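In order, the protein sequence lines correspond to chains B and C.
Taken in order, the first sequence gives residues 1 to 113; the numbers are from my numbering.
Taken in order, the second sequence gives residues 1 to 109; the numbers are from my numbering.
Every residue, glycine too, gets a C-beta built ideally from N, C-alpha and C.
As the structure is a computational prediction, the values presented were derived from the model and not from experiment.
Notes follow the structure.
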Amino acid sequence: KAGVTQTPRYLIKTRGQQVTLSCSPISGHRSVSWYQQTPGQGLQFLFEYFSETQRNKGNFPGRFSGRQFSNSRSEMNVSTLELGDSALYLCASSVGQGADGYTFGSGTRLTVV
Amino acid sequence: QKEVEQNSGPLSVPEGAIASLNCTYSDRGSQSFFWYRQYSGKSPELIMSIYSNGDKEDGRFTAQLNKASQYVSLLIRDSQPSDSATYLCAVHGSYIPTFGRGTSLIVHP
């Protein structure tokens, strides 16, 4: 079966711009979580969506937002980009709320210049 | 603040040896425990899950859980150079999974 698809794979943006990342989970998985990964901080939880509802949110500023559509696809948006937003953004798909483990997408590598 | 602690390494072992990776966690209500492997430049891949005290074996991998000591470990037997990666411990309680920062494993020929 198809895995978790994230697009785009790479992005270069300038400070102040905004960006939208997309994630299509495994068919049948209704939970999508987003993580930011940096060498210094490891994997940091951004938010989790289940059946179009945000179930949990991590400790990130309001510039980071997301949504989930009826087909379980999810998008996350970052507005007013800062240099510190440069990171690998990972989408994780699961049947439940991660209690059965995640399947990660390949990630989107965002570079802010 | 729920925390998951791992030694960052690198842990260096010779080919064919047993690699032992350890993880401690702070949330006593944690119920599900996972090990992910992440190769350089790739995304994490789930390799083991464990939910009850004791050992769980899958091929060359054995996960061990001790809830009383709040301790999870991963043993890799007959380590191969292809096992060289960062291993992330993740703990799931009543909230969302919390990840450790990972232990870098290097298996040298």
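Ignoring anything shorter than 3 residues or poking outside the segment 32-56 of chain B, list the beta strand (DSSP E) runs there in chain order.
Those beta strand (DSSP E) runs which fall completely within the segment 32-56 of chain B and span 3+ residues are 42-50.
To be precise: take each residue of the segment 91-107 of chain C, compare its Cβ to all Cβ atoms of chain B, and keep it if any distance is under 9 Å. Which residues remain?
If the cut-off is 9 Å between Cβ atoms, the segment 91-107 of chain C has His92, Tyr95, Ile96, Pro97, Thr98, Phe99, Gly100, Arg101 and Gly102 near chain B.
Between the segment 6-22 of chain B and the segment 76-88 of chain B, do three or more beta carbon pairs fall short of 8 Å?
In short, these stretches touch, since the Cβ pair count reaches three.
In chain B, what lies closer than 9 Å to Ser49(C) by C-beta?
Asp100 and Gly101, listed in chain order.
If you draw a straight line from the alpha carbon of Asn53(C) to that of Leu46(C), how long is it in whole angstroms?
Near 19 Å, if we compare the C-alpha coordinates of Leu46(C) and Asn53(C).
Give a yes or no on whether the C-beta atoms belonging to Ser94(B) and Ser31(B) are separated by under 7 Å.
Cβ atoms of Ser94(B) and Ser31(B): closer than 7 Å.
I want to verify the contact list: residues of chain B whose CB lies under 7 Å from the CB of Phe34(C), in sequence order.
Going along chain B in sequence order, the residues near Phe34(C) (Cβ under 7 Å) are Gly101.
Compute the beta-carbon to beta-carbon distance between Ala92(C) and Ser30(C), rounded to the nearest angstrom, for a pair I have assumed lies under 8 Å.
Looking at the sequence provided, one finds His at residue 92(C) rather than Ala. His92(C) to Ser30(C), Cβ: 7 Å. Contact.
Please list, in chain order, the residues of the segment 63-90 of chain B that have any C-beta partner in chain C closer than 9 Å.
Those would be Leu88 and Leu90, in chain order.
If you draw a straight line from the alpha carbon of Val112(B) to that of Gly66(B), how long is it in whole angstroms?
Taking the straight line from one Cα to the other gives about 19 Å.
For Ser82(C), which three-state DSSP category applies?
Correct three-state label for Ser82(C): helix.
For His108(C), collect the residues of the same chain with a Cβ closer than 8 Å to its Cβ; drop the 5 residues on either side in sequence, then sort them by chain order.
Excluding residues within five positions, the ones whose Cβ falls inside 8 Å are Ser12, Val13, Pro14, Glu15 and Pro81.
Taking Asp55(C) as the reference, which of Leu74(C), Ala68(C) and Arg37(C) has the closest Cα?
Among Leu74(C), Ala68(C) and Arg37(C), the Cα nearest to that of Asp55(C) belongs to Leu74(C).
Please name the residues in the segment 39-68 of chain C whose beta-carbon is closer than 8 Å to at least one beta-carbon of chain B, in chain order.
Listed by position, the residues of the segment 39-68 of chain C near chain B (Cβ gap below 8 Å) are Lys42, Ser43, Pro44, Glu45, Leu46 and Ser49.
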